[in-house]
Amino acid sequence: MTAWQVFWGFLVANLLGYGGGPSTIPLIQDQVVTHYHWLTNPQFANILAVGNTLPGPIATKTAGIIGYSVDGWIGALLALAATILPSAVGIILLLQVVARFRNSRIVKGMTLLIQPVIAVMLAILALELLHSSVARLGWFQALIIVVLSVWLLKFRKVHPVFVILAAFVYGGLILPLFSVI
118 MTAWQVFWGF LVANLLGYGG GPSTIPLIQD QVVTHYHWLT NPQFANILAV
168 GNTLPGPIAT KTAGIIGYSV DGWIGALLAL AATILPSAVG IILLLQVVAR
218 FRNSRIVKGM TLLIQPVIAV MLAILALELL HSSVARLGWF QALIIVVLSV
268 WLLKFRKVHP VFVILAAFVY GGLILPLFSV I
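Residue numbering for the sequence shown follows our numbering, starting at 118 and increasing by one per position.
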């Protein structure tokens, strides 16, 4: 039953996701944390962070890692298949239709209206992960990490991989010394 649930959970998230891998992450989080209870929010955040440090699409990396942790290699393969199939089938079936109606005002309007929904879903996920971090670290430390990350990314133009790696080092090597987590 677990193998079927892994496939179905990732298929639902990827069927309903629109706009690529990052837009499906809140849907995957809902399936994995809220619906099936395979992971907690902090565990999901850790997997998401690991996935962001690796090259390639985030949705497939996340699916592979979570699928493997839930049901081994079978789970990883089923989660990857469920992540890739909706897009592959959709592209194959709809390529001609999209080409035909590419300049349609209706299609352009639909695309513009979906973008704010995706932004809200990502913001909700970010707030849930922030809440989880604050619960474990406290407001002061979480705020320092957020401000430092924004400063490094926006103003110092540090690549996100290095900011994530620095957070890994801080959380894995420094925090345990102070018994915060």
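Glycine is no exception: its CB is placed at the ideal position from the N, C-alpha and C atoms.
- F279: member of the alpha helix (DSSP H) spanning 277-286, first to last residue.
- Cβ-Cβ distances below 6 Å link P159 to S249 in the same chain, with the five nearest sequence neighbours on each side left out; the list follows chain order.
- The continuous stretches of alpha helix (DSSP H) do not include T151, and DSSP gives it neither H nor E.
- Judged by beta-carbon spacing, L195 lies within the 8 Å limit of A120, meaning their Cβ atoms are closer than that value.
- Here the region 218-227 makes no contact with the region 194-209; the two share fewer than three CB pairs at distances below 8 Å.
- Note on T179: 16 or more other CB atoms within 10 angstroms of its CB, so buried under the neighbour-count rule.
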